[in-house]
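Chemist:
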Amino acid sequence: MSGMPDLPRAPTETERAVLELLLSVDFPGVAEYRDQARRAVVTERCPCGCLEFSLAVPDDSHPASGRAQVTAWSEEQQVHLDLETRRGRLAGVALTWFGEDDARIAPDLGTFEVAAGPGA
Ligand SMILES: [Zn+2]
């Protein structure tokens, strides 16, 4: 097995949609993260088929200042998507199922709400 030779790669349409969803709310640093998202590449995608993935942004990207916890959730599908950042740079999207079943599929983005709160 050769692992995932196609990585890093440009985000798929769905991955872009997840980033756009998470960055659709206003919080400190969102302008920098939106800029980074346009140039980010996917370095890892969860093999189970869900929407979890890791990102890398170019070294010359302007880092965001300020901290925020950005979460999108769907009550209907019982799933959370969390924006992960590292030192002001996009690092990926984490997915957590809260339902009985770990569905292991990409959730439908149409039923999500998004909010940003103060970061830890
Ligand atoms: Zn997964």
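Counting from 1 along the sequence shown, just add 138 to a position and that's the residue number in my numbering.
Positions of the beta carbon are idealized from the N, C-alpha and C atoms, including for glycine.
A quick note: this is a predicted structure, and the numbers were derived from the prediction, not measured.
1) Only counting the same chain, and skipping five residues up and downstream in sequence, which positions put a Cβ closer than 8 Å to that of P166?
2) Do the CB positions of L145 and V180 come within less than 8 Å of each other?
3) Going by alpha carbons, who is nearest to D246 out of A169, W211 and A194?
4) Which residue or residues does DSSP assign as beta-bridge partners of V252?
5) Assuming S199 and R227 make a contact with CB atoms under 8 Å, what is their CB distance in whole Å?
6) Can you look up D164 in the DSSP assignment and give me helix, strand or coil?
7) What is the rounded straight-line gap between the Cα of E251 and the Cα of L233?
8) Determine the burial state of A254: buried for a count of at least 16 other Cβ atoms within 10 Å of its Cβ, exposed for fewer.
9) So, at 8 Å on beta carbons, what are the nonlocal neighbours of P256 in its own chain, with the 5 sequence-adjacent residues on each side left out?
10) Relative to the C-alpha of G230, which candidate in G237, E238, L193 and T209 has its C-alpha closest?
11) Quick one: is C188 buried, meaning 16 or more other Cβ sit within 10 Å of its Cβ, or exposed?
12) Whose CA, out of E151, I243 and A244, lies closest to the CA of A175?
Modeler: Considering the structure as presented:
1) A202, S203, G204, R205 and A206
2) yes
3) W211
4) A210
5) 6 Å
6) coil
7) 14 Å
8) buried
9) R205, A206 and Q207
10) L193
11) buried
12) E151
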